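K.L.:
Take this structure, written in structure tokens, and hold onto it; I'll ask about it next.
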Amino acid sequence: RAEMILRVQMRSGTFRLVVEPEDSLHAVRSKLEMQAGSAASGCNFYSDAGFRARLQPEEATLEQLSLKHGDRIYADSSSSSSAPAYIPAHHYGPPASAGFDQPDPSSRPASAQPQRPSQPPAWAG
Numbered sequence: 001r002a003e004m005i006l007r008v009q010m011r012s013g014t015f016r017l018v019v020e021p022e023d024s025l026h027a028v029r030s031k032l033e034m035q036a037g038s039a040a041s042g043c044n045f046y047s048d049a050g051f052r053a054r055l056q057p058e059e060a061t062l063e064q065l066s067l068k069h070g071d072r073i074y075a076d077s078s079s080s081s082s083a084p085a086y087i088p089a090h091h092y093g094p095p096a097s098a099g100f101d102q103p104d105p106s107s108r109p110a111s112a113q114p115q116r117p118s119q120p121p122a123w124a125g
């Protein structure tokens, strides 16, 4: 069994893992978790730094994925506390506590609208 070094780049740094060509991505993740801790749990592996070419399926071996000694792969985890969560732009908006969720007063029936007296009260004199 030939051991090889696989470099895994995460936001928190680069980790050098001793792996075998027969190791699956799942096995690589387990080894990465031993070095990087919980930041690696649930991570996905990519062949590019832009996180566009995901390495999959999980059962694929490093040999099947054409990964060789010294290669670098990239890991990104949505559960990583060091990485902000991606929120699509259409989800941005005022927080619920900003008062924007209150009904528009102009939508109330006329009977519920505050009425102004036509004359000042007698005591205002």
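In the UniProt record's numbering, the protein residues as written are 1 to 125. Beta carbons: idealized from backbone N, C-alpha and C, even for Gly. Predicted, not measured: the structure shown is a model, and the values here were computed from it.
1. Distance check for tyrosine 46 and serine 79, CA to CA, integer angstroms please.
2. Would you decide whether valine 18 is buried or exposed? Buried here means 16 or more other CB atoms lie within 10 Å of its CB.
3. Contact defined as beta carbons within less than 8 Å: I believe leucine 25 pairs with glutamate 58. What is the distance between those atoms, to the nearest angstrom?
4. Can you tell me whether glycine 93 is buried or exposed? The criterion is at least 16 other CB atoms within 10 Å of its CB, across all chains shown.
5. By the 10 Å Cβ neighbour count, where 16 or more other Cβ atoms means buried, how is aspartate 48 classified, buried or exposed?
P.N.:
The short version:
1. Because serine 79 sits at a pLDDT of 43, beneath the cut-off of 50, its placement in the model cannot be relied upon, and the following sentence gives the value as read from the coordinates. Taking the straight line joining both Cα atoms gives about 16 Å.
2. exposed
3. 5 Å
4. Low local confidence applies: a pLDDT of 45 at glycine 93 is under 50, so the model's placement there is unreliable, with the coordinate-based value given in what follows. When all chains shown are included, glycine 93 counts as exposed.
5. By the 10 Å Cβ count, aspartate 48 comes out exposed.
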